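Below is one structure, written out as structure tokens; comments come after it.
Chains as they are written, first to last, in our numbering: chain U, 1 to 509; chain C, 1001 to 1169.
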């Protein structure tokens, strides 16, 4: 514990250079911009900017990229509250009470509440990372291939079991990711798989291209369909409103704490920020005294989802750093960045690249403080950007996506693939196939396959190796339980229906 | 995807979209499985062959997609009034998608800067009904800013065409 605090202080020394502070500022500003614009979000925003950071030092680069992530998390709330358009999927739940508040002329109050709760959620998660990450890393040092595969299995099982989408669709999306990951040269045997003689396919599909297409172009197509009519309310924040709202907020400490816990849980087991925000909103509505007034402009209805979304978004970095398994698509992109810089995330990172890890963790504290100050002071500016007509913004964003796709490998083929992924993203979104499992499977596919094959090699093809000791056995068992959870829930619901006790339908998404 | 009257022009029913996407995924799964069989799914001299893992993936992918297709067929009647996309929604989507495809083809032949300028200008005039001045300013300004940022500042070369050659870059 004391050692961790010492490490953290050294981390602050790394992060607190002028150069890094400037990168932090640039990152936050870019991040909020990305969060505010339709079609650009944390995941594809970081993916597009990733190639530009190759020339920087890894520490500065990751500080800037993670700050883009924090900025995007903050930015999503602005559009939700002022325009009733969630800039990010995780801020959908924020619109439920945020937009009514804005309509009543309480936009400033709603935004102060949103930003402050985001900050609280993130801070909670960063503190958790500070003290938990070294322990997890130390623990994970004993992991062999079976344990790694079991952890991956748990990761993907929780997508199926905890996701809001139909399990079969989650499974399809995930397996597509694994299949795409397998395309190209098999590194173990040197065999070419699914390339069909095309040289472009030799290197396989890069997940950055998939992220830019699925989340970027796909999102733009969806926005086009909805017909863009920004009917926004004016957002004004001054110090008075901020201080007044801050006086109100401590009343909701219980909601906030609950949201933090939900968020961290969903972030570490990769449920992600979006389900966390919905779950937290639902819980707050159930337990709050004013629960029946939710949806009409309750400040608590803003606090709950925002806290949880930020806690989840931040804690998603914990498994990414300690195990090399990202808890969200954006964390996956950051992981890709680390690999490009030659940093292999995982337990060894904490031993070999100590100053990098602690610099990053320290920058999470600083980045969120800087972020809170920036968003509170610059809201009118972002609201003005949202008034730029879509006929200008849409083609510019597509151009940025195309450039982002090209710069990953300097390959034209990738730009064409981006369009294909864009159409897939549009169709999948409309048919309620989740996209996050596809991206994560594409990132982790090779690792999962290697772990699986090494385990099989060690056991001579016996699947029993995944239950050969207490550790791997219990992880696998937990994964199985989570995987089968939808089935259990359905059987229980069926039983309840038959006994006549009809329960009210769950809240609409 | 709201419920509305059937038969309007350009409407795509949800059940057809569900079925077609599921069947496309099944086809993809078959490709994965067939190719895995080609490279071998059995145990080689030095451990599992290259198709070992992808074959499992293909199996799960195919069965999950078949399950979705089957469920769609079972509920076929009750899904009848749900739309995947209506004609009125599809038009703006295509008006975005088709120019984008043209744009990407354009990148290949005339480079990214000129293609971007034309793409942005076309979109602004066609969709936004802007006059020539704002159109010109945006469609030249954005590629120029990108040029300065990528070629000059970050030294990342982007695809160029005959126009850039003409001005000697």
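Here a beta-carbon is modelled for each residue, glycine too, at the ideal position from N, C-alpha and C. A quick note: this is a predicted structure, and the numbers were derived from the prediction, not measured.
Are residue 205 of chain U and residue 184 of chain U close, meaning C-beta to C-beta below 9 Å? Inclusion of residue 205 of chain U and residue 184 of chain U in the CB contact set at 9 Å is warranted, their separation being smaller than that value.
For residue 402 of chain U, which residues of its own chain have a beta-carbon under 8 Å away from its beta-carbon, when the five flanking residues on both sides are left out? Apart from the 5 residues on each side of it in sequence, residue 402 of chain U sits with its Cβ closer than 8 Å to the Cβ of 415, 418 in its chain, given in chain order.
Ignore the nearest five residues each way along the sequence and tell me which others in residue 1157 of chain C's own chain have a CB closer than 8 Å to its CB. Excluding sequence neighbours, residue 1157 of chain C sits near 1150, 1151.
So if I threshold CB-CB distances at 9 Å, which residues from the stretch 397 to 419 of chain U count as touching chain C? The stretch 397 to 419 of chain U vs chain C, Cβ under 9 Å: 398, 399, 400, 402, 403, 406, 407, 410, 412, 415, 416, 418, 419.
Under the three-state DSSP convention, the category residue 453 of chain U falls into: Helix at residue 453 of chain U.
For the putative contact between residue 357 of chain U and residue 94 of chain U, defined by C-beta atoms under 8 Å, what is the C-beta separation to the nearest angstrom? Residue 357 of chain U to residue 94 of chain U, Cβ: 32 Å. No contact.
Please list the partners that residue 1124 of chain C has in chain U, where partner means a Cβ-to-Cβ separation under 8 Å. Here the neighbours are 391, 392, 395.
Should residue 1011 of chain C be flagged as near chain U, meaning a C-beta pair shorter than 9 Å? Residue 1011 of chain C does not count as touching chain U.
Burial state of residue 430 of chain U, where buried means 16 or more other Cβ atoms lie within 10 Å: Around the Cβ of residue 430 of chain U, a 10 Å sphere holds 16 or more other Cβ atoms; the residue is buried.
Could you tell me which of U/237, U/345, U/171, U/115 sits nearest to residue 305 of chain U, measuring between CA atoms? Distance from the Cα of residue 305 of chain U is smallest, within the candidate group U/237, U/345, U/171, U/115, for U/115.
Quick one: is residue 285 of chain U buried, meaning 16 or more other Cβ sit within 10 Å of its Cβ, or exposed? Classification for residue 285 of chain U: buried.
Which residues in chain C have a C-beta closer than 7 Å to the C-beta of residue 452 of chain U? List them in chain order. Neighbours of residue 452 of chain U in chain C, taken as residues at a C-beta separation under 7 Å, are given in chain order as 1053.
Taking 9 Å as the CB-CB limit, is residue 1078 of chain C close to chain U? Using a CB distance cut-off of 9 Å, residue 1078 of chain C does not count as an interface residue toward chain U.
Is the stretch 169 to 181 of chain U in contact with the stretch 1042 to 1060 of chain C, if contact means three or more CB pairs nearer than 8 Å? With a cut-off of 8 Å on Cβ pairs, the stretch 169 to 181 of chain U is in contact with the stretch 1042 to 1060 of chain C, counting three or more such pairs.
Reduced DSSP category for residue 591 of chain U - H, G, I as helix; E, B as strand; rest coil: No statement about residue 591 of chain U is possible, as the shown extent of chain U runs from 1 to 509 and does not include it.
So, does the CB of residue 220 of chain U fall closer than 9 Å to a CB anywhere in chain C? Yes - at least one Cβ of chain C is within 9 Å of the one on residue 220 of chain U.
Return the CA-CA distance between residue 396 of chain U and residue 351 of chain U, expressed in angstroms with no decimal places. Distance between the alpha carbons of residue 396 of chain U and residue 351 of chain U: 43 Å.
Range of the contiguous beta strand (DSSP E) that encloses residue 1085 of chain C: Unbroken beta strand (DSSP E) run through residue 1085 of chain C: 1083 to 1085.
Under the three-state reduction of DSSP, which class applies to residue 185 of chain U: helix, strand or coil? DSSP places residue 185 of chain U within a strand segment (E or B) once states are collapsed to three.
Starting from residue 1100 of chain C, find everything on chain U with Cβ-Cβ shorter than 8 Å and list it in chain order. Chain-order list of chain U residues neighbouring residue 1100 of chain C: 217, 398, 419, 422, by C-beta distance under 8 Å.
Does residue 1097 of chain C pass the burial test, meaning 16 or more other C-beta atoms within 10 Å, or should it be called exposed? Burial call: buried.
Of the choices U/297, U/242, U/268, whose alpha-carbon is the least far from that of residue 379 of chain U? For residue 379 of chain U, the nearest C-alpha among the options comes from U/242.
For residue 1133 of chain C, decide whether its Cβ has a neighbour in chain U, counting only Cβ atoms nearer than 9 Å. Among the CB atoms of chain U, none fall inside 9 Å of the CB of residue 1133 of chain C.
Distance, Cα to Cα, residue 7 of chain U vs residue 354 of chain U? Whole-angstrom Cα-Cα distance: 8 Å.
List the endpoints of the continuous alpha helix (DSSP H) containing residue 1164 of chain C. For residue 1164 of chain C, the enclosing alpha helix (DSSP H) begins and ends at 1162 to 1166.
Which chain U residues sit within Cβ distance under 7 Å of residue 1043 of chain C? The answer, in chain order, is 461.
Is residue 429 of chain U close to chain C? Criterion is C-beta to C-beta, closer than 9 Å. No, no contact with chain C.
So which of C/1023, C/1033, C/1011 has the shortest CA-CA distance to residue 180 of chain U? Taking only the C-alpha atoms, the option nearest residue 180 of chain U is C/1033.
Which same chain residues end up closer than 6 Å to residue 1164 of chain C when comparing Cβ atoms and leaving out the 5 residues on each side of it in sequence? Around residue 1164 of chain C: 1111.
Hey, which unbroken runs of the alpha helix (DSSP H) at 4 residues or more fall wholly within the stretch 422 to 473 of chain U? The qualifying runs are 436 to 459.
With DSSP as the reference, identify every bridge partner of residue 163 of chain U, one or two as the case may be. Note: residue 163 of chain U sits in no beta bridge, so no partner.
For residue 214 of chain U, which residues from the same chain have a beta carbon less than 6 Å from its beta carbon, with the 5 sequence-adjacent residues on both sides left out? Contacts found: 421, 425, 435.
Beta-carbon contacts of residue 186 of chain U that lie in its chain and below 7 Å, excluding the five residues immediately before and after: Excluding positions up to five away in sequence, the list reads 193.
Between residue 11 of chain U and residue 34 of chain U, is the Cβ-Cβ spacing less than 9 Å? Contact check for residue 11 of chain U against residue 34 of chain U fails: the beta carbons are separated by 9 Å or more.
Under 8 Å Cβ-Cβ, which residues of chain C neighbour residue 193 of chain U? Simply 1035, 1036, 1039, 1050, 1051, 1054.
Shortest alpha-carbon distance to residue 57 of chain U belongs to which of U/360, U/475, U/308, U/327? If we check each option's Cα against that of residue 57 of chain U, U/360 comes out closest.
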